[in-house]
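J.: One structure, as structure tokens, below. Some questions next.
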């Protein structure tokens with residue numbers, strides 16, 4: 004796997020994470036607008052979800068470095 008393939012893989016992982024984060028945040032804001040009293044619980048769940056989604060591109064970068072550096 005060459006550097007170009009690693010860059011494409013990392014780029015696709017970043018694109019997927021961006022879309023996922025956008026969906027998570029937009030749905031959370033929509034839920035807070037509908038039910039303001041649940042803001043604290045929704046915000047905590049959103050932050051946890053965003054952290055899990057952001058872990059995927061980080062793993063993709065590490066795997067790309069491992070494969071390219073072989």
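Residue numbers (the working numbering): 4 to 73. The beta carbon of each residue, even a glycine, is placed where N, CA and C say it ideally should be.
1. Would you tell me roughly how many angstroms separate the C-alpha atoms of residue 16 and residue 45, rounded to the nearest one?
2. Residues in the same chain with beta-carbon distance under 8 Å from residue 52, minus the five sequence neighbours each way, listed in chain order, please.
3. Would residue 13 pass as a contact of residue 67 if the rule is Cβ separation under 8 Å?
4. For the alpha helix (DSSP H) that contains residue 5, what are its first and last residues?
5. Starting from residue 58 and walking both ways along the alpha helix (DSSP H), at which residues does that stretch end?
T.: Answer, in terms of the structure:
1. Against the chain shown, residue 16 aligns to sequence position 13. Against the chain shown, residue 45 aligns to sequence position 42. Spanning the two alpha carbons is a distance of roughly 25 Å.
2. On the chain shown, position 49 is the one that residue 52 refers to. Same-chain partners within the cutoff: 27.
3. Translated into positions along the chain shown, residue 13 becomes position 10. Translated into positions along the chain shown, residue 67 becomes position 64. In this structure, residue 67 lies closer than 8 Å to residue 13 by Cβ.
4. One-based indexing of the chain shown puts residue 5 at position 2. Neither: residue 5 is in no alpha helix (DSSP H) and is coded neither H nor E.
5. Here residue 58 corresponds to residue number 55 of the chain shown, with the count starting at 1. Note, residue 58: alpha helix (DSSP H), 42-71.
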